[in-house]
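Per UniProt numbering, residue 1 is the first one in the sequence shown, and the count goes up by one each step.
Here the structure comes first, spelled out in structure tokens, and everything after it is commentary.
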Amino acid sequence: MEITNVMEYKAIAKQKLPKMVYDYYASGAEDQWTLKENREAFSRILFRPRILIDVSRIDMATTVLGFKISMPIMIAPTAMQKMAHPEGEYATARAASAAGTIMTLSSWATSSVEEVASTGPGIRFFQLYVYKDRNVVAQLVRRAERAGFKAIALTVDTPRLGRREADIKNRFTLPPFLTLKNFEGLDLGRMDGTNDSGLASYVAGQIDRSLSWKDVKWLQTITSMPILVKGVLTAEDTRLAIQNGAAGIIVSNHGARQLDYVPATITALEEVVRAARGQVPVFLDGGVRRGTDVFKALALGASGVFIGRPVVFSLAAEGEAGVRRVLQMLRDEFELTMALSGCTSLKEITRSHIVTEADLHR
Ligand code: FNR
1 MEITNVMEYK AIAKQKLPKM VYDYYASGAE DQWTLKENRE AFSRILFRPR
51 ILIDVSRIDM ATTVLGFKIS MPIMIAPTAM QKMAHPEGEY ATARAASAAG
101 TIMTLSSWAT SSVEEVASTG PGIRFFQLYV YKDRNVVAQL VRRAERAGFK
151 AIALTVDTPR LGRREADIKN RFTLPPFLTL KNFEGLDLGR MDGTNDSGLA
201 SYVAGQIDRS LSWKDVKWLQ TITSMPILVK GVLTAEDTRL AIQNGAAGII
251 VSNHGARQLD YVPATITALE EVVRAARGQV PVFLDGGVRR GTDVFKALAL
301 GASGVFIGRP VVFSLAAEGE AGVRRVLQML RDEFELTMAL SGCTSLKEIT
351 RSHIVTEADL HR
């Protein structure tokens, strides 16, 4: 059967994957209200397309933290990709590189920073979870830098793991033939089975709940990589992130897997963009499944977007070819959206190309 959009991979992944794995990838926290809202909020934003503009040539290229990429669509960190496909993060890295875009590798990858670097050239960011043991963190950051990673995406929305009820019911744990490769030599690579979510217990044991802005400063003393603060949803925290040296902000609700009933990221985006006042770039992830979603995020001021679940679902279905196809479909849809709304380059995408609910209530 021919696949015509990114969302179709979800059903294929559901058929192929063990229930425990599929549920871990698909779930949100608690009532999963935010999970649904991450998609629905996009559908409440409409276009104001402009006509009779020469769109015979369209340029989607952009620059992120000084790195040139082919399109403003990048790969978010998602943990444990070898549960989806034996090639896991290797396949994702190769697909991102082939598409000329950035992959973010999760701290909890089933392939190490060195292994991912060995797949060949490519611009890669490293997502960081801060462990209680700061020596572990410092070592890992140095390894990422040595392996050629270009930036740190510091995840700040996970002092504890959100309550994902499917994982609790399934007693989710990492299959025994896999490890969290970055931590293998540090004796932190395994996740014990418990009578809860194994990941929730792992986080409770290892991740530092005391993480605060002073640690963002500390990180800057141990690395020269720029730091993107991932998980900002308010103007207040945007200002603090900038004051504390962030090189950029990722508006994210962790794919609705942490605090339920936070707004959709596309709803929170404009507040963050305003507070950033152009001082640092603002990115978005959460529910991006269509080229029109990418356009809407850019119209609201994002410099680019990241995708999470479509990567693991397409990996499960078709490995590297699936991830390539996801990136290609989003690229094609985004290009078409630009053409049909009268934009030939990213800088031509403006706030007046869309209308939000907030506009209608003004
Ligand atoms: C994630 N996310 C995530 N974030 C992070 O900072 N570190 C991580 O290890 C993970 N792992 C992870 C696993 C899975 C299965 C999912 C679905 C998500 C969150 C991820 O980076 C991103 O914020 C969301 O996935 C974006 O939303 P969509 O595109 O999945 O809707």
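Cβ coordinates follow ideal geometry from the N, Cα and C atoms, glycine included.
Supposed contact pair residue 127 and residue 104 - C-beta distance, whole angstroms, cut 8 Å: 5 Å between Cβ atoms; contact.
Residue 309: CB within 6 Å of a non-hydrogen atom of the ligand FNR: A heavy atom of the ligand FNR is found nearer than 6 Å to the CB of residue 309.
Residue 85 CB to nearest heavy atom of the ligand FNR below 6 Å: Outside the cutoff, so no.
Where residue 118 falls, given that 16 or more other Cβ within 10 Å makes a residue buried: Answer is exposed; the Cβ neighbour count stays below 16.
Contact under 7 Å by Cβ, residue 107 with residue 90: Taking 7 Å as the cut-off, the beta carbon of residue 107 is found no closer than this to the beta carbon of residue 90.
C-alpha gap between residue 160 and residue 211, whole angstroms: The straight-line gap from Cα to Cα measures roughly 11 Å.
Three-state secondary structure (DSSP) of residue 214: DSSP places residue 214 in the helix class (H, G or I) of the three-state scheme.
Sequence-distant residues of the same chain with beta carbon closer than 6 Å to residue 189, five excluded per side: Annotation for residue 189: 179, 180 and 183 place their beta carbon closer than 6 Å to its own, counting only its chain and skipping 5 residues before and after.
Close beta carbons around residue 10, own chain, < 6 Å, minus the five adjacent residues each side: 313, listed in sequence order.
The ligand FNR heavy atom lying under 6 Å from the CB of residue 252: For the ligand FNR, at least one heavy atom lies less than 6 Å from the Cβ of residue 252.
Alpha-carbon spacing of residue 415 relative to residue 325, whole angstroms: With the chain running from 1 to 362 in the structure shown, residue 415 is simply not present.
Cβ neighbours of residue 340 in the same chain (closer than 7 Å, five flanking residues each side left out): Sequence-distant partners of residue 340 (beyond 5 residues in either direction) whose C-beta falls short of 7 Å from its own C-beta, in its chain, are 49.
Bridge-paired residues (DSSP) for residue 106: For residue 106, DSSP records no beta bridge to any residue.
C-beta atoms of residue 199 and residue 136 nearer than 7 Å: No, these two residues do not count as a Cβ contact at 7 Å.
Residue 177 classed as buried or exposed, judged by whether at least 16 other C-beta atoms fall within 10 angstroms: Exposed: under 16 other Cβ atoms inside 10 Å.
Alpha-carbon to alpha-carbon, residue 55 and residue 256: The alpha-carbon separation between residue 256 and residue 55 amounts to approximately 36 Å.
Residue 32 CB to nearest heavy atom of the ligand FNR below 6 Å: For residue 32, the distance from the CB to the nearest heavy atom of the ligand FNR is not below 6 Å.
Straight-line gap, residue 51 to residue 342 (C-alpha atoms, nearest Å): Cα-Cα distance, rounded: 6 Å.
Beta-carbon gap between residue 316 and residue 17 smaller than 7 Å: Less than 7 Å separates the beta-carbon of residue 316 from that of residue 17.
Buried or exposed (CB count within 10 angstroms, at least 16 for buried), residue 27: Result: buried.
Proximity test, residue 77 beta-carbon vs the ligand FNR heavy atom, cut-off 6 Å: Yes, since a heavy atom of the ligand FNR falls inside the 6 Å radius drawn around the Cβ of residue 77.
Any non-hydrogen atom of the ligand FNR within 6 Å of residue 22 CB: Incorrect: residue 22 has no Cβ contact closer than 6 Å to the ligand FNR.
Classification of residue 146 by the beta-carbon crowding that lies within 10 angstroms, buried from 16 upward: Label assigned to residue 146: exposed.
Inter-residue Cα distance where the pair is residue 229 and residue 196: Across the structure, residue 229 and residue 196 are spaced so that their CA atoms are roughly 29 Å apart.
Counted within 10 angstroms of its Cβ, other Cβ atoms place residue 296 as buried (16 or more) or exposed: Residue 296 should be labelled buried.
Rounded distance between the beta-carbons of residue 150 and residue 208, thought under 8 Å: The pair is not a contact, with the Cβ atoms about 25 Å apart (cut-off 8 Å).
Cβ neighbour criterion (16 or more within 10 Å) applied to residue 77: Residue environment analysis places residue 77 among the buried positions, since at least 16 neighbouring C-beta atoms fall within 10 angstroms of its C-beta.
Neighbourhood of residue 248 by C-beta distance below 6 Å, restricted to the same chain and skipping five residues each side: Its chain contains 228, 280 and 281 as the residues whose beta carbon lies nearer than 6 Å to that of residue 248, once the 5 sequence neighbours on both sides are disregarded; these appear in chain order.
Residue 238 to residue 311 span [Cα, whole Å]: Taking the straight line from one Cα to the other gives about 28 Å.
Residue 61 - DSSP class collapsed to helix/strand/coil: Coil.
Buried or exposed (CB count within 10 angstroms, at least 16 for buried), residue 363: Because the chain spans 1 through 362 in this model, residue 363 falls outside it and cannot be assessed.
Within 7 Å, strictly: CB atoms of residue 337 and residue 45: Judged by their CB atoms, residue 337 and residue 45 are not nearer to each other than the 7 Å cut-off.
Check whether residue 284 and residue 302 have beta carbons under 7 Å apart: Contact: yes.
Proximity of residue 162 and residue 258 at Cβ, strictly below 7 Å: Using a Cβ distance threshold of 7 Å, residue 162 and residue 258 count as a contacting pair.
Cβ separation of residue 251 and residue 34, assumed to be a contact under 8 Å, to the nearest whole Å: In this structure residue 251 is not in contact with residue 34, their Cβ atoms being roughly 13 Å apart against a cut-off of 8 Å.
Local conformation of residue 258 per DSSP, three classes: Residue 258 falls in the coil class under three-state DSSP.
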